[in-house]
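This report concerns only the one structure given below.
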Amino acid sequence: MRVQYQVAVAAPAVAERWRNDKRVATAMERVKRMAGESAVVIFGVSGCCMCHAVKRLFCNLGVNPTAYDLDEDPLGEEMEAALRWLLGGAAAVPVVFIGGKLVGAVDGVMAAHINGSLVPLLKDAGALWL
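Here UniProt numbering is used: the sequence shown runs in plain steps of one and ends on residue 130.
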């Protein structure tokens, strides 16, 4: 599965750090690989109430998301910096990928759910069979 991103324009300082920091570049490659391994991937931190809410939303829709807790990963801080760059500099978890495509943070997921575009995304990714 090829991972696609719709990247917002990042703040120059964030983009410059990403280009010059080898660990963040390695983390970005890891994020790309992990995001493409399952139909729905959630990057979050343990104990985060919004991460839990997004996981519950997917479970209630009949989807079993793959969730990664960044605070339990040795490259978690760098992966979070890579995700922040993908989000245009916004510091937010959870970050959700569906079908290898960046959906965004909790606001993007909830907006897609409310406007009715989340279920079609899940169906297209093969995460939902209804």
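Note that beta-carbon positions come from the ideal geometry of N, C-alpha and C, so glycine has one too.
- For Met110, the closest of Met28, Cys51 and Lys22 by C-alpha to C-alpha distance is Cys51.
- Residues of the same chain with a CB within less than 8 Å of the CB of Cys48, apart from the 5 flanking positions on each side, are Val93 and Pro94 in chain order.
- The distance from the Cβ of Val96 to that of Gly104 is about 7 Å, consistent with a contact at the 8 Å cut-off.
- DSSP links Leu102 through a beta bridge to Phe97.
- Burial check for Trp85: the Cβ neighbour count within 10 Å reaches 16 or more, so the residue is buried.
- In terms of Cβ geometry, Ala27 and Glu72 do not form a close pair [threshold 8 Å].
- A Cβ-Cβ contact shorter than 8 Å links Gly62 with Leu128.
- Pairing Asp69 with Asp124, the inter-Cα distance amounts to about 26 Å.
- Sorting Gly76, Glu80, Glu37 and Ala91 by C-alpha distance to the C-alpha of Lys101 places Glu37 at the top.
- Around the beta-carbon of Pro65, 16 or more other beta-carbon atoms lie within 10 Å, marking it buried.
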